[in-house]
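2 protein chains.
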Amino acid sequence: MLMAKLLSVPLRALSGRRYTWDNIMHLRSTMPSKRIVLLGGGNVGSHLARACSSLSGYSLIWHYERRKGMLLTDIPRDADLYIFALTDTALESVWQEMPSTGGVWIHVSGSTPLDSLTKYHADGAVLYPLQTFSRNRDIEWKHVPLYYEGHEEARLLAEALSTHTAFASSEGRRKLHLAAVLACNYSNYLVTLAEEYLSAEGFEAKTLLPLLRETFQKLEALPASEAQTGPAIRGDRTIVEQHKALLSGDTLAVYTLLAEQLLSRSKR
Amino acid sequence: MLMAKLLSVPLRALSGRRYTWDNIMHLRSTMPSKRIVLLGGGNVGSHLARACSSLSGYSLIWHYERRKGMLLTDIPRDADLYIFALTDTALESVWQEMPSTGGVWIHVSGSTPLDSLTKYHADGAVLYPLQTFSRNRDIEWKHVPLYYEGHEEARLLAEALSTHTAFASSEGRRKLHLAAVLACNYSNYLVTLAEEYLSAEGFEAKTLLPLLRETFQKLEALPASEAQTGPAIRGDRTIVEQHKALLSGDTLAVYTLLAEQLLSRSKR
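As you go down the protein sequences, you meet chains A and B in turn.
The numbering used here numbers the first residue of the first sequence as 38 and each following residue consecutively.
The numbering used here numbers the first residue of the second sequence as 38 and each following residue consecutively.
Pasting the structure below:
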C-alpha cells in the first residue's frame, strides 16, 4: 500500500512523460531481460539452465557444455551474467581460458572463495545453492537455500530464484558445504553400504525405506542428537560386536568407527 | 466372494445351531480378545502399549515397567501373549526372573535369536518392527514392516498391526537390523555431527533441513549409489583436504574415513 501510494505521485522522466504505477508496471514487464550465459552441463548446470530459462527478468542466451564440443571462444561477450556451474577443479582452468567479457561473473561452488574468481574478472560474485541436484529430479528452486557473496547481481538473481536467501562469506560458505557433505553425501553413502549389504544377503535393497522416512522426518522436529536410537547409543556392545562379525572390508571399517564414537557418547 | 459362498453353506456347531456368514461375523465381534501383558516402558514398549490398547481382537491387560517399581511376580499368569519390549541386554535377565505362565512369549528385538527365548518358554515367537521409535512421535503401525518368527501368534499380531509383514529367520532378522543401524542410526549420527559443527560455527543447526529432505526423497526413487553426489565421489581431493583442515577429533575421523572410501569409488 505504501509503495502504491508513493508511486501514485507522478514521476517526471527525462522525456517529460508522467509515470504512474500502472505505467511503471508496464515498463517493468517490457524491460529488457538480463542476458545469462551459463557454463556447465552437470547436475547443477542443467537444473540452473531450466530455472533461468523461465525466470522473470532474465533470459538464458547461451548454455555452454564442453562435452557438446562447444568452444569458449564462441561465447557471447555482451551478456549481463556469466554463471559458472562447474566442478571446483574445472573453475580455475576455465577462467584462465575465458575470453574477456562485460557483465558479472558468478560461480556456484560451496568451496571456491570469491577472490579466486575476482582475480580473473573484477565484477565477480558467488551464488551457492545448499542443495543436492540429480539430473532427473525436478527441484523447487523457491525452497532452495541460496547464499550470495560479492557483486549485487548475485543477490538479485538469488532473490529471483528462491525465497530462502542469505549472505555468506567465502569462509562461511565453505563451512556450510562441509556440514552438507557430512550430513547428506555421507548419509547417502551409508545407505549405499546398507543397500549393497541387503542385496548381497538376498533382501530387497529398498527394504529400509519406511525406516529411512521416519528417521529423516524426525529431524524436522528434533535435534539429531535427541533423535539418536540404536544399540551403540544404548551402550549395547554385545550387539555391536555381533554386527561387526557379520561385516568385512569398507563396511566393517565404517560400522566400527561410528559404533565406537556412539558407544563413547552412550550414557550407560 | 468365494469365502462368502463357502460360508453360506450352513455349518452345524456342537449346539446344533446353524451358523451363517452374518452369525459368524457377529461371533467374531463378540469373541473374547486375546489378553496381552506387555513388558517394557522404553520407546518401543510405549508405542506398542498404545497400539495394543486399541487393536481389534486384543486387549492390553498389564503394562509392566520396572522403573515404576512394578514386580515381575505380580504379573498376571493367564494372559494369551507376553510381549517383551526390552533391550537385548535386559531380555535374558527378565526371562530368568519371570514366573511360569501360560500363553505365548514374544520378543521384539532385531538381534536376539528365537532360541534364546524358547529356552525359557517353549511357546516363543519374535515380532520385529523394522522402524525407529521416539517417545513423542506417533507411529503409523500399518506402515511399519514387521518380521515374525516362531509361534503363529506373532504372525497374527503382526497382521493385526501392519499391512507390511513377512517371515524372517533369526539370522535374517539380525542382518536386517544391522543394515538398519548402518543406514539410519549412523546417518542420524552424521547429522548430529553436522548440526554440532554448524552450531559451533554460528549457524542454525537446522540449516540443512531442505537439503536433508531432498537427499532422502531421492532415495524413494533411486538406488543410493546412483544418488551419490559431493566432492569425494567426484574425485575432488582438494576440497576433501580443505574440509579436513577445518575439522578435528571424532568429526575429522568420520569425515576422513568416509571420504577415502568414496574417493576410491570415484570414477575420476
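Glycine included, C-beta positions come from ideal geometry on N, C-alpha and C.
9 Å Cβ cutoff, residue 196/A in contact with chain B: For the purposes of this step, residue 196/A is taken as the residue at position 159 of the first sequence. So no, residue 196/A is outside the interface.
Residue 300/B versus residue 270/B: straight-line alpha-carbon distance, rounded: Counting from one through the second sequence, the residue named residue 300/B turns up at place 263. Counting from one through the second sequence, the residue named residue 270/B turns up at place 233. Using only the alpha carbons, I get a separation of about 6 Å.
Contact set between residue 287/A and chain B, taken where Cβ atoms lie within less than 7 Å: What you label residue 287/A is simply residue 250 of the first sequence in a count that begins at 1. The answer, in chain order, is 298.
Proximal residues to residue 88/B (C-beta, below 7 Å), its chain only, five neighbours per side dropped: As a first step, residue 88/B must be located in the second sequence, where it is residue number 51. Around residue 88/B: 178 and 198.
Nearest-angstrom Cβ-Cβ length linking residue 98/A and residue 121/A, presumed shorter than 8 Å: As a working mapping, residue 98/A is identified with position 61 in the first sequence. As a working mapping, residue 121/A is identified with position 84 in the first sequence. In fact, because the Cβ distance is near 16 Å, the residues do not count as touching under 8 Å.
Residue-chain proximity (residue 234/A, chain B), Cβ-Cβ < 9 Å: Position 197 of the first sequence holds residue 234/A. Yes - at least one Cβ of chain B is within 9 Å of the one on residue 234/A.
Cβ of residue 201/B within 9 Å of any chain A Cβ: In the second sequence, residue 201/B corresponds to position 164, counting from 1. By this cut-off, residue 201/B is an interface position.
Contacts around residue 303/B, its chain only, beta-carbon distance under 6 Å, and the 5 residues preceding and following it disregarded: Walking along the second sequence from the start, residue 303/B turns up at place 266. Result list for residue 303/B: 270 and 272, in chain order.
Contact with chain A by residue 212/B, beta-carbon distance below 9 Å: In the second sequence, counting from the first residue as 1, residue 212/B sits at position 175. Contact with chain A is found for residue 212/B, since one of that chain's Cβ atoms lies less than 9 Å from the residue's Cβ.
Residue 114/B beta carbon less than 9 Å from that of residue 136/B: Mapped onto the second sequence, residue 136/B falls at position 99. Mapped onto the second sequence, residue 114/B falls at position 77. Cβ atoms of residue 136/B and residue 114/B: closer than 9 Å.
Residues near residue 146/B in its chain [Cβ-Cβ closer than 6 Å; skip 5 each side]: Position 109 of the second sequence, counted from the start, is the residue given in the question as residue 146/B. Around residue 146/B: 125.
Endpoints, the beta strand (DSSP E) within which residue 166/A is located: Taking the first residue of the first sequence as 1, we reach residue 166/A at position 129. Note, residue 166/A: beta strand (DSSP E), 161 to 166.
For residue 268/A and residue 276/A, the rounded distance between their alpha carbons: The residue you call residue 276/A lines up with position 239 of the first sequence. The residue you call residue 268/A lines up with position 231 of the first sequence. Straight-line spacing of the CA atoms in residue 276/A and residue 268/A works out to 7 Å.
Cutoff 6 Å; reference residue 192/A; Cβ partners in own chain excluding five residues on either side: Position 155 of the first sequence, counted from the start, is the residue given in the question as residue 192/A. Cβ within range, chain order: 185.
Interface flag, residue 106/A vs chain B, CB-CB below 9 Å: Locating residue 106/A in the first sequence gives position 69, where the first residue counts as 1. Residue 106/A does not count as touching chain B.
Distance between residue 167/A and residue 251/B (C-alpha atoms, nearest Å): To locate residue 251/B, count along the second sequence from 1; it is residue 214. To locate residue 167/A, count along the first sequence from 1; it is residue 130. Rounded to whole angstroms, residue 251/B to residue 167/A spans 11 Å at the Cα level.
9 Å Cβ cutoff, residue 168/B in contact with chain A: In the second sequence, the residue the question calls residue 168/B occupies position 131. Answer yes: the Cβ-Cβ gap between residue 168/B and chain A drops below 9 Å somewhere.
Chain A contact for residue 220/B (CB, 9 Å cutoff): Position 183 of the second sequence, counted from the first residue, corresponds to residue 220/B. Yes, contact with chain A.
Neighbourhood of residue 53/A by C-beta distance below 6 Å, restricted to the same chain and skipping five residues each side: In the first sequence, the residue the question calls residue 53/A occupies position 16. Model confidence at residue 53/A stands at a pLDDT of 48, short of 50, so the residue's coordinates are unreliable; what they give is reported in the following sentence. Excluding positions up to five away in sequence, the list is empty.
Residue-level contact to chain B via CB, residue 103/A, 9 Å cutoff: As a first step, residue 103/A must be located in the first sequence, where it is residue number 66. Answer no: the Cβ-Cβ gap between residue 103/A and chain B never drops below 9 Å.
Residues bridged to residue 187/A [DSSP beta-bridge criterion]: Position 150 of the first sequence, counted from the start, is the residue given in the question as residue 187/A. Beta-bridge pairing links residue 187/A to 162/A.
Close Cβ partners of residue 224/A (< 7 Å) along its chain, the five nearest in sequence each way excluded: For the purposes of this step, residue 224/A is identified with residue 187 of the first sequence, where counting begins at 1. So no residue of the chain qualifies.
Helix, strand or coil at residue 269/A [DSSP, three-state]: By one-based count along the first sequence, residue 269/A stands at place 232. The answer is coil: DSSP assigns residue 269/A none of H, G, I, E or B.
Partners in chain B for residue 251/A, counting only beta-carbon separations shorter than 7 Å: Translated into the one-based positions of the first sequence, residue 251/A becomes position 214. The contacting residues are 168 and 169.
Contact check, residue 81/B vs residue 109/B, beta carbons under 9 Å: Taking the second sequence and counting its residues from 1, the one referred to as residue 81/B is at position 44. Taking the second sequence and counting its residues from 1, the one referred to as residue 109/B is at position 72. No, the Cβ-Cβ distance between residue 81/B and residue 109/B is not below 9 Å.
Span separating the alpha-carbon of residue 112/A from that of residue 71/A: Sequence index remark: in the first sequence, residue 112/A carries index 75 (1-based). Sequence index remark: in the first sequence, residue 71/A carries index 34 (1-based). Taking the straight line from one Cα to the other gives about 16 Å.
Residue 170/A, buried or exposed, once every other Cβ within 10 Å from all chains shown has been counted against 16: Indexing the first sequence from 1 puts residue 170/A at position 133. Buried: at least 16 other Cβ atoms inside 10 Å.
Short CB-CB distance (under 9 Å) between residue 291/A and chain B: Indexing the first sequence from 1 puts residue 291/A at position 254. Judged by the 9 Å Cβ criterion, residue 291/A is in contact with chain B.
Interfacial residues, the segment 257 to 268 of chain B to chain A, with Cβ spacing under 9 Å: 257, 258, 259, 260, 261, 262, 263, 264, 265, 266, 267 and 268
C-alpha gap between residue 46/A and residue 190/A, whole angstroms: As a working mapping, residue 46/A is identified with position 9 in the first sequence. As a working mapping, residue 190/A is identified with position 153 in the first sequence. In this prediction, residue 46/A has a pLDDT of 40, which is less than 50 and means its spatial position is unreliable; what the coordinates show is noted afterwards. Their backbone Cα atoms lie some 29 Å apart in a straight line.
Residue burial classification, residue 200/A (beta-carbon count within 10 angstroms, cutoff 16): By 1-based counting over the first sequence, the position of residue 200/A is 163. Exposed: under 16 other Cβ atoms inside 10 Å.
Per-residue contacts from residue 131/B into chain A (C-beta, under 7 Å): Looking up residue 131/B in the second sequence gives position 94. Simply none; closest approach about 15 Å.
Residue 108/A in three-state terms, based on DSSP: The residue given as residue 108/A occupies position 71 in the first sequence. Shown here, residue 108/A sits in coil according to DSSP, grouped into three states, outside any helix or strand.
Span separating the alpha-carbon of residue 213/A from that of residue 119/B: Translated into the one-based positions of the first sequence, residue 213/A becomes position 176. Translated into the one-based positions of the second sequence, residue 119/B becomes position 82. Straight-line Cα distance between these residues: approximately 49 Å.
For residue 223/A, the residue or residues it bridges with in DSSP: Translated into positions along the first sequence, residue 223/A becomes position 186. None, per the DSSP bridge assignment.
Nearest candidate by alpha-carbon position, reference residue 285/B, set 233/B, 79/B and 73/B: Looking up residue 285/B in the second sequence gives position 248. Selected option, being the one with the closest Cα: 233/B.
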